[in-house]
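Just so we're aligned, residue 275 is where the sequence shown starts under this note's numbering, counting upward by one.
Idealized CB from N, CA, C, for every residue including glycine.
In this text, all values refer to a predicted model and were calculated from it rather than measured experimentally.
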Amino acid sequence: MSVDDLLEALDRGDTIAGGSPLHEVMHATSQEALRIAAELNSAYREPDDVRALLARLTGREIDESVTLFPPFTSDFGRNIRLGERVFINSGCRFQDQGGITIGDDCLIGHNVVIATLQHGIDPARRADLLPAPVVLGRNVWLGANVTVLPGVTIGDDAVVGAGSVVTRDVPAATIAVGSPARVVRGI
Numbered sequence: 275m276s277v278d279d280l281l282e283a284l285d286r287g288d289t290i291a292g293g294s295p296l297h298e299v300m301h302a303t304s305q306e307a308l309r310i311a312a313e314l315n316s317a318y319r320e321p322d323d324v325r326a327l328l329a330r331l332t333g334r335e336i337d338e339s340v341t342l343f344p345p346f347t348s349d350f351g352r353n354i355r356l357g358e359r360v361f362i363n364s365g366c367r368f369q370d371q372g373g374i375t376i377g378d379d380c381l382i383g384h385n386v387v388i389a390t391l392q393h394g395i396d397p398a399r400r401a402d403l404l405p406a407p408v409v410l411g412r413n414v415w416l417g418a419n420v421t422v423l424p425g426v427t428i429g430d431d432a433v434v435g436a437g438s439v440v441t442r443d444v445p446a447a448t449i450a451v452g453s454p455a456r457v458v459r460g461i
């Protein structure tokens, strides 16, 4: 089993059984992500160096218009896709196994958590991992301390207020706040 096999399974939404060969590949890939994140967060880095480490983490080219302020953590790294002119503020944590896509011109506030995995509810299957992607459209703004849960899509031009927990999709050009986040008005 390879990382590519794992990514295909994750992107299909397949359950990754605890202790399976794919689960082992995921853990090995996570160790590499933790090494890269430790390097990223260990000292001041010039913006070009931050982007280079982010490219190593994701396995993808990162546009020169992307800005990330460390510290930043990802427990997998290989399933993050960033558009152009994305800004990720300090303290963010991405659990990206299920896939995180961030569109052009997005602003990600301090300490945002984006999660893309759930565990099996049945105690006998609790180690199983259930991936579900998170997609941020173009020009989305997530305020400080927002948590976005697995399977959520946030539409173009939407704003999610600070401290909100996003449990379901947010339509384009709306403002959502609270826990769980609810749309309070259009833009």
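In this chain, the beta strand (DSSP E) harbouring His393 covers Leu391 to His393. Inclusion of Asn385 and Asn419 in the CB contact set at 8 Å is warranted, their separation being smaller than that value.
Contact between Asp370 and Thr390 holds, with the beta-carbon distance rounding to 6 Å and staying under 8 Å. Here Gly365 has Pro345, His384 and Asn385 as same chain residues with Cβ atoms under 7 Å from its own Cβ, once five neighbours each way along the sequence are excluded. In terms of Cβ geometry, Ala432 and Ala450 form a close pair [threshold 8 Å]. Straight-line spacing of the CA atoms in Asp430 and Val458 works out to 16 Å. Note: Phe361 is bridge-paired with Thr341 and Leu381 in the DSSP secondary-structure output. Contact annotation, Gly377 with Gly351: C-beta distance approximately 19 Å; criterion of less than 8 Å not satisfied.
DSSP places Val324 inside the alpha helix (DSSP H), whose first and last residues are Pro321 to Thr332. DSSP, reduced to helix, strand and coil, places Thr441 outside both helices and strands of the structure shown, so it counts as coil. In the DSSP assignment, Ile461 is bridged to no other residue.
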